[in-house]
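As given, the protein sequences belong to chains B and A, one line each in that order.
Residue numbering for the first sequence follows the working numbering, beginning at 1 and increasing consecutively.
Residue numbering for the second sequence follows the working numbering, beginning at 163 and increasing consecutively.
Where a beta carbon is used, it is the ideal one built from N, C-alpha and C, also for glycine.
If you're wondering where the values come from, they're calculated on a predicted model, not measured in any experiment.
Before any comments, here is the structure.
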Amino acid sequence: MENKIYRVGMADAKVTQSPGILTTIGLGSCVGIVLYDPITKISGLVHIMLPYSNKISDNSNKLKFADTGIQVLIEEMVKLGANPKRLISKIAGGAQMFSSKINSDIMNIGERNAVATKEVLGKLGIPIVAEDIGGNYGRTIEFYSEDGRLLVKTIGYGIKYI
Amino acid sequence: MDINRLNEMYLDILKELGNIGAGNAITALSTMIGKKVDMQVPKVKILDFQEVSDIFGSADTIIVGIYFDLDGDVKGNILFALDIKSAASLIWSLMGLEVKEEFDELEKSALEEIGNIMAGSYVASLSTLTSLNMKISPPAISIDMAGAILSVPAIKYGEISDKILFIETQFIEGEKLIKGDFFLIPDINSFDLILKALGVEVNGK
Numbered sequence: 001m002e003n004k005i006y007r008v009g010m011a012d013a014k015v016t017q018s019p020g021i022l023t024t025i026g027l028g029s030c031v032g033i034v035l036y037d038p039i040t041k042i043s044g045l046v047h048i049m050l051p052y053s054n055k056i057s058d059n060s061n062k063l064k065f066a067d068t069g070i071q072v073l074i075e076e077m078v079k080l081g082a083n084p085k086r087l088i089s090k091i092a093g094g095a096q097m098f099s100s101k102i103n104s105d106i107m108n109i110g111e112r113n114a115v116a117t118k119e120v121l122g123k124l125g126i127p128i129v130a131e132d133i134g135g136n137y138g139r140t141i142e143f144y145s146e147d148g149r150l151l152v153k154t155i156g157y158g159i160k161y162i
Numbered sequence: 163m164d165i166n167r168l169n170e171m172y173l174d175i176l177k178e179l180g181n182i183g184a185g186n187a188i189t190a191l192s193t194m195i196g197k198k199v200d201m202q203v204p205k206v207k208i209l210d211f212q213e214v215s216d217i218f219g220s221a222d223t224i225i226v227g228i229y230f231d232l233d234g235d236v237k238g239n240i241l242f243a244l245d246i247k248s249a250a251s252l253i254w255s256l257m258g259l260e261v262k263e264e265f266d267e268l269e270k271s272a273l274e275e276i277g278n279i280m281a282g283s284y285v286a287s288l289s290t291l292t293s294l295n296m297k298i299s300p301p302a303i304s305i306d307m308a309g310a311i312l313s314v315p316a317i318k319y320g321e322i323s324d325k326i327l328f329i330e331t332q333f334i335e336g337e338k339l340i341k342g343d344f345f346l347i348p349d350i351n352s353f354d355l356i357l358k359a360l361g362v363e364v365n366g367k
C-alpha cells in the first residue's frame, strides 16, 4: 500500500492503516486527536473545535466536538478492525492565538478544548502517550501510522516528533 | 438565527453593511497613510469550515490577524486578516519601512494600529446604521498559519452554525493590491439584534 496522505480539515476526521499518513494543517485553538491501535496499526485523526456537544444547541455536526468527535472516530476505526481496548492517543493544539485583556469565552477556548479532550479520553480509558498543547502559536501535525510518530511543525517554535 | 438559512435579503443587507463599513474603514486608512486608496466592492462570503482555512491559499500560509473584542449592545469579536505581502505594503506606505524577514515589535504595533483604525471606523459605521452601541477592545495581533488564526472566528461561529461569514475587501494603494478580510462575529443574540435594528424580521417575529 502506498504512503497515502489524508488531510483532515476543521470539524473533520479520517482513518487509515499503515503506512497511511494523517495530517491536519494549521491547528490553532482546535485540538487534533490521534487514536492508534499499535497492533493493527489502524489510526484515526479528528480535528475538534469545541469541547462538549451538549452545551451547544446546533450540535448535529459530531466531528465539531471533543466528546462526539472521539466517539465517531473510535467507531470508524473499529469498522477497519481496530480493537477499542488497545487504543492509545496523541494530542496537539489548544493554543490561545490572541492575547486579550478582556477575558471573553473565546480567549480560553483552546484550554477548554484541551481539558475536554483529556476528560473524554480519560473516561474512555484511552491513555495519552504524548501531547503538545497550549502556547500562543499554530501547529501542523502529521501522524505516521507505520510507527506511531507524530510530527509537530510550528512557525518559529520549531519542529519535533512526539 | 441560523446562518445556514440566511436568505437573499439577509445577504443583501450584510453586503450593504460590508460596503459601508469597509468604505469607511478604507477612508480612515487613506487618511492615516496620507495617500489615496481605491476600494473594490467588498464581497460577502459564506464558507464551510473546511474551506475557511484556504482563503489565503493554504492553511499553512502565514498571515497577520488583528483581533478585537466587541462590547456594548452588540457583543462578539472582530478579526481583520491580511496576507503578509499586504501587511508589508501597508507598513511601507505608513512608515516607509521595508519589512525584512519578519515583523519586528514596532512594525507589529503599527499593524495593530492600522487594524484598530480600520476596525474602529467599520464598527462606527455599523453603529450609526443600526443605532446600536458598539465599542472595540484594544487590538491583539498574531502572525501565524492561516488555519490557526482563522480557527478563532470559525470556532466562534461553530457555536451557532457550520458556516462562517466574512467580508472580503480588496483595495489598491498606489499600484499595490491589498487584500483584507473582516470577520464580524456577533454572539448569537447580538446577531438577531443587528438584524432587528435593520428592520429584518427574525424567525417570523
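Val46(B) is bridged by DSSP to Ala13(B), Ile33(B). Cβ atoms of Ile276(A) and Leu191(A) come within 8 angstroms of each other, at about 7 angstroms.
Excluding five sequence positions before and after Glu131(B), the CB atoms of its chain that fall closer than 6 angstroms to its own CB belong to Ile91, given in chain order. Each residue's CA atom was taken as its position, placing Val226(A) and Met257(A) some 18 angstroms apart. Residues of the segment 8 to 24 of chain B with a C-beta atom less than 9 angstroms from some C-beta of chain A are Gly9, Met10, Ala11, Asp12, Thr24, listed in chain order.
Contacts between Asn61(B) and chain A, judged by CB atoms closer than 8 angstroms, involve Asp324 in chain order. With a cut-off of 8 angstroms on Cβ pairs, the segment 74 to 92 of chain B is in contact with the segment 32 to 41 of chain B, counting three or more such pairs. By the 16-neighbour rule on beta-carbons within 10 angstroms, Pro127(B) is exposed. Taking C-beta atoms under 8 angstroms as the contact rule, Glu274(A) and Ile228(A) qualify, at a distance of about 6 angstroms. Residues of the segment 22 to 48 of chain B with a C-beta atom less than 7 angstroms from some C-beta of chain A are Ile25, Gly26, Leu27, Gly28, Ser29, Cys30, listed in chain order. Only Ser299, Pro300, Ala302, Ser304, Asp306 from the segment 278 to 306 of chain A bring a Cβ to less than 7 angstroms from some Cβ of chain B. By the Cβ-count criterion, Asp343(A) is buried, with 16 or more other Cβ atoms from all chains shown falling within 10 Å of its own Cβ. Of the candidates Gly336(A), Ile317(A), Ile334(A), the residue whose Cα lies closest to the Cα of Leu63(B) is Ile317(A). Scanning chain A for C-beta atoms nearer than 9 angstroms to the C-beta of Leu50(B) yields Ile317, Gly320, Glu321, reported in chain order. Ile42(B) places its beta carbon 9 angstroms or farther from that of Thr23(B). Listed in chain order, the non-local C-beta contacts of Ile182(A) below 7 angstroms within the same chain comprise Ser287, Leu291, local neighbours out to five positions each way being set aside. Distance from Gly238(A) to Leu244(A) at the Cβ level is roughly 20 angstroms; contact not present, criterion being Cβ atoms closer than 8 angstroms. Taken atom to atom, the span from the alpha-carbon of Leu339(A) to that of Ser248(A) is near 7 angstroms. In this structure, the alpha-carbon of Leu294(A) lies about 41 angstroms from that of Lys118(B). Cβ-Cβ distances below 8 angstroms link Glu76(B) to Ala13, Val15, Gly44 in the same chain, with the five nearest sequence neighbours on each side left out; the list follows chain order. Secondary structure in the segment 234 to 301 of chain A: the alpha helix (DSSP H) runs of 4 residues or longer, each lying completely within the stretch, are 246 to 257, 267 to 292 in chain order.
Looking only at Ile5(B), Tyr137(B), Gly148(B), Gly125(B), the smallest Cα-Cα distance to Gly158(B) is reached by Tyr137(B).
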